[in-house]
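Chains as they are written, first to last, in our numbering: chain R, 1 to 143; chain P, 144 to 286. We treat Cβ as the ideally placed atom computed from N, Cα and C, and that holds for glycine.
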DNA sequence: ATCTAATAGTTTGATAGCAAACTAACAAAG
DNA sequence: CTTTGTTAGTTTGCTATCAAACTATTAGAT
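Okay, here's the thing in structure tokens:
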């Protein structure tokens, strides 16, 4: 459905995105992080940057349905990487944060992420990379 | 994992790709094509263009694992949209083709695909669209 | 001709992901 | 206060997807 006619934009985009996802999954495994998926990394990095976030905030940041997030966060909590506690000020809200064990994984995520960047941009000049990110941002923001 | 540091290329790329997928899924449903996913459309459009393809060829074209393809093709055959038969010249090979019932869905796929293109490019000038597809192609081919 | 290796496809088992329906807690209005 | 609506999150049911192990068939080498 991505490239029915002559406009191959989305076709390339979707295939690159799939390749990136598979790349990340393989790399996570290679680092001994079996059972972790790219979205798990996104969650943990977001918490590394922001210290603590609600389920709703996380859902927005990683762009996944709230029901998906419930599953991921519960798994990461079960593995000891995250902690989830009810906000005393509003008992509907769950506040999620990294544990120390979770924090120790961040360097791995950074390493893998840099490797992905390299895969991505090895065919592009610095200027082309700039152009590309600007165009992608435009499309993203206008959706 | 897509946007750990400052390089947001892949972050935008992945989010746009996800949005596109969800958009397609919703549109397929709106057209009464419940139970069909974007990949199903890719398979059927590929067969519309090329008449008949082996499982291996299809797997390459839609960029999905062969085991994934088995499931999708079998489902589409069960629904009467595809036909699968053993190649008499090499009995390992399965030759897949559209049925007439399957062919009747093609106009819907084209309509939906055009709508997606519009979502995608409404923030871009014609020149920007060109630039973007060229850069994406470069990244894609170099992976 | 007969092993051995390569190839095409399927099966199995597991996970990420969505949507819809649900529960619980809070907010607002009278 | 109590009803009514809104918001945060969870549960349930289903599909796409991959990887690894498997089967069946063909090709190649001696």
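As summarised for the stretch 1-86 of chain R, the continuous alpha helix (DSSP H) elements at least 4 residues long and confined to that stretch are 9-30, 38-50, 55-62 and 66-78, given in chain order. Against chain P, a Cβ distance below 7 Å from residue 41/R picks out 144. Within the model, the alpha-carbon separation for residue 166/P versus residue 265/P is close to 15 Å.
Interface with chain R (8 Å Cβ-Cβ cutoff): residue 211/P is excluded. As the crow flies, the alpha-carbon of residue 263/P is around 13 Å from that of residue 1/R. The beta carbon of residue 63/R is closer than 6 Å to none in its chain, skipping five residues each way along the sequence. Residue 261/P and residue 232/P have their alpha carbons spaced roughly 44 Å apart. Taking a cut-off of 8 Å for Cβ pairs, the stretch 265-276 of chain P and the stretch 101-109 of chain R do not touch, as fewer than three such pairs fall below it. Residue 121/R carries a helical assignment under DSSP once its states are collapsed to helix, strand and coil.
Around the CB of residue 184/P, 16 or more other CB atoms lie within 10 Å, so the residue is classed as buried. For residue 218/P, the closest Cβ of chain R is not nearer than 8 Å. Of all residues in the stretch 260-280 of chain P, those with a C-beta nearer than 8 Å to a C-beta of chain R are 260, 262, 263, 264, 265, 266, 267, 271, 272, 274, 275, 276, 278, 279 and 280, reading in chain order.
Take residue 226/P, set aside five residues on each side of it, and the residues of its chain with a beta-carbon closer than 8 Å to its own are 220, 239, 240, 241 and 242, in chain order.
Just so you know, the alpha carbons of residue 152/P and residue 234/P end up roughly 45 Å apart. The contact set of residue 107/R on chain P, defined by CB atoms closer than 8 Å, is empty, because the minimum CB distance reaches about 11 Å. With contacts defined by Cβ atoms closer than 8 Å, residue 115/R and residue 57/R do not form a contacting pair. Checking the DSSP bridge columns, you'll see residue 97/R partnered with 52/R and 83/R. The contact set of residue 201/P on chain R, defined by CB atoms closer than 9 Å, is empty, because the minimum CB distance reaches about 15 Å. Around the beta carbon of residue 228/P, fewer than 16 other beta carbons lie within 10 angstroms, which makes this residue exposed.
Not one beta carbon of chain P lies nearer than 8 Å to the beta carbon of residue 96/R. Residue 67/R counts as exposed, since fewer than 16 other C-beta atoms from the protein chains shown sit within 10 angstroms of its C-beta.
Secondary structure of residue 107/R (DSSP, three-state): helix. In this structure, residue 249/P keeps its C-beta atom at 8 Å or more from the C-beta atom of residue 174/P.
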